[in-house]
Every structure is written in structure tokens, then in C-alpha cells.
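Residue numbers (our numbering): 1 to 378.
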């Protein structure tokens, strides 16, 4: 992120606040010279020809505290931030897996998109682009065009097609263009999964629930997970798990190509205390979707993108299998300072974006978080 020591220079980049389709914002960042931070920032003005801009460059990954946000008399918003020290509980309890931008977008989508049964043409364009000349996939696309309705979102998500892969790739790679083009389908999934979640929780009679997810990860990713034990993570894509560990382990089995790439078999164990689910379930929407799925025997439990978890442990269970134990956030977690601050910040940011961007909300996200490349499917 580029900043400047010069207030007037920053105002030039903010604009005059007179454009109807843009919001002018001046961000003031306070630094404590004694702060300890692993993310670098530096005065780089001597490295460029435009030295008068007095540029200070901050590496990505910094965490800031929002101190205030107010409208100045000249139609320019002023947001005051403070750079968080690495010793701050907000930083020590978060991790590189906690993506505020995606959390914000997923929070906003249902609030600003109208309810509709229509099929988004842009979604179909993405689907056809990746399907290319695959006749089997093209048949599925035609079926989707002819028969899709909102109450069939989960069924379509579980079909063996490119649709779920495209959606999760868009979310995982933060491709804002794709996410916005898929927004109607995301909202349908969100609403159907929310209804299923409420029905599932009401009908569940046990105190605890454990589900399993099999996956293949590189060793570097596992090491990163080990270094975030005790911290919170958010799932930016939809997550499929199973009530059966045997079913989950099938998805962790390594092929010869996987072994050549040094991938590791990983079993995620997700523990849920059903008695401590908070009244507001937006951060932990999940449900047993076996009756709605195309694969009933898999005993599938689907987690909504934006689900928040805590990493409990990462162990090498056998020579061929790692086990990562996760705990779904509950009321106790949501009462911690860092989660309260994060939720307050997201609520405030969502309100400000909706109020001040109006119909140009999608331009706001595309301009701020745009991902230019077409991602490879995984």
C-alpha cells in the first residue's frame, strides 16, 4: 500500500469528493516507533523520481485498528487507522488465513442483490469458457439453463460438474469479477444452506458433532498450519465434509502424480459444540445436506464460505496421514476481544460501503480488490 508523509499529496489522490460514482477517502495512519512488526514498511521516496510525493510503502498483510471514520465538510471521508503491533492480541489471535476482504464481500452480497430465479449470463460465460468443447459439460450447462431454480442450489453445487469448482476457485483466489458474476448462485446457496442449518440444529439431539474432511496439501501448507495453532481462520470457499471419516479419507488418497508433487494426505477433524452455537449463526452456517445432494451415501455436511474456526492441533498421525483438528467458533469464542472487534469492524465497514457506494458497490470491490488473471481450476 502506497502512502505519503505529505497530507496535501494524499488529498490529490483522494480526489475532490465531487464525483457521484466514487467516494473520496483520506486515510491517516498512525505508527508507533517502538512497534514490533514482521511486515516491513519504509520511506521509498529516494528510490523514485517523484521525490516530492514523500512515499512510504507498506507491505501487504499489515493489520490496522480503525480509530474513527467521519465525513469532512468538503465531502471527503477521513478514516484514522493505527498500525497494530505484532504483540497486539488482535494480531496474535489471527492468521494469514483470516481474509477480511472476502468476509466483507460475503457479508454484503445478500444485502444488496435482489432475490431472483434468473440464471446469470456472466456465470454461464465463465462456465462455457472452462468447459470448452467438453460435450458432457455442455449438456450440464444446457440443463442448468433450462431447469435451475433457487431451491435447487445445493443439488447443483453437489453435481459432478465444473460449477462448484469454478465457484470455489473464484472465492479461494479472491477473483472479485467472478465472485460478483456468481453472486446470485452464492446467495441461493447461502439462503438454502441457512434454512437447512436451522432445521438441522433444531433437530440435532446430541451435545457434540464431529465431521471429517479429506484433502491433499503440500508440506509447506501443513507447516503454516502448525504455526497457527490456537489462532482463528476463515474458510473462504464452501467446504464439504462428511459424518464418516472413511468417506473423508477417500478424498485424501494420493495418486502417483500426487506423490511426485510431494503432496500429503490430510484428514481434517472439525469438532462442533452444538449447545454453544451463538444465536447469530452467520459465522458458522453448516448442515447435513445428504437429502439434497446428488451423492446421498457420502453423508455430506456443507459449510458456508466465511465459516470461522480455531486450529486446535496439527499432528502427523501415521507416516502416510496428517490429522488437523479444528474447532468451530462458538459463543465463548465470539466473546473474546479479537472476535468482537473483528465482527464490529465488519459490521461497520459493511454499513459504510452500502450507504456510500449505492449502485456502484460492485465498482468499489472491483477497483479495490480486482484480480486480473484467469485462475487455474484446482
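Where is the CB? At the ideal position from N, CA and C, for every residue including glycine.
Given the structure is predicted, the values throughout are model-derived calculations rather than measurements.
Can you tell me which of the three DSSP states residue 65 falls into? The answer is strand: DSSP assigns residue 65 an E or B state.
Backbone secondary structure at residue 235 - three-state DSSP: Looking at residue 235 - three-state DSSP - the assignment turns out to be coil, as it is neither helix nor strand.
Give me the Cα-Cα distance between residue 81 and residue 187, rounded to the nearest whole angstrom. 32 Å
Residues near residue 201 by beta carbon distance below 6 Å, same chain, minus five either side: none
Output yes or no for whether 9 Å exceeds the beta carbon distance between residue 193 and residue 296. no
Just reading off the beta strand (DSSP E) that residue 318 is part of, what are its end residues? Counted as a single uninterrupted DSSP element, the beta strand (DSSP E) harbouring residue 318 occupies residues 308-318.
Within the same chain, show all residues whose beta-carbon is closer than 7 Å to that of residue 178, passing over the 5 residues directly before and after it, in chain order. 126 and 170
Only counting the same chain, and skipping five residues up and downstream in sequence, which positions put a Cβ closer than 6 Å to that of residue 140? 161
Alpha-carbon to alpha-carbon, residue 181 and residue 241: Whole-angstrom Cα-Cα distance: 26 Å.
In terms of alpha-carbon separation, which member of 254, 307 and 148 lies closest to residue 234? Selected option, being the one with the closest Cα: 307.
Contact set for residue 64: own chain, Cβ-Cβ below 8 Å, skip 5 residues either direction: Closer than 8 Å at Cβ, skipping near neighbours: 29, 81, 82, 83 and 84.
Would you kindly report the start and end of the unbroken alpha helix (DSSP H) that includes residue 130? 121-131
Euclidean distance between Cα positions of residue 68 and residue 79: 6 Å
DSSP has residue 83 in a bridge; who is on the other side? 64
Taking the CB atoms as reference points, tell me whether residue 236 and residue 137 lie closer together than 9 Å. Taking the C-beta atoms as reference points, residue 137 is found no nearer than 9 Å to residue 236.
C-beta contact flag for residue 167 and residue 185 at 9 Å: yes
Go through the stretch 212-295 residue by residue and report every complete run of the beta strand (DSSP E) that reaches 3 residues or more, in order. Given a length threshold of 3 residues, each whole run of the beta strand (DSSP E) inside the stretch 212-295 is given here in chain order: 232-234, 239-242, 263-273 and 286-288.
Can you tell me the Cβ-Cβ gap for residue 379 and residue 251, rounded? I've got them flagged as a contact below 8 Å. Since the displayed the chain opens at 1 and closes at 378, residue 379 lies outside it and no answer follows.
Which term fits residue 7, buried or exposed, when burial requires 16 or more other beta carbons within 10 angstroms of its beta carbon? exposed
Check the DSSP bridge columns for residue 208 and list the partner residues they point to. In the DSSP secondary-structure assignment, residue 208 is bridged to 273.
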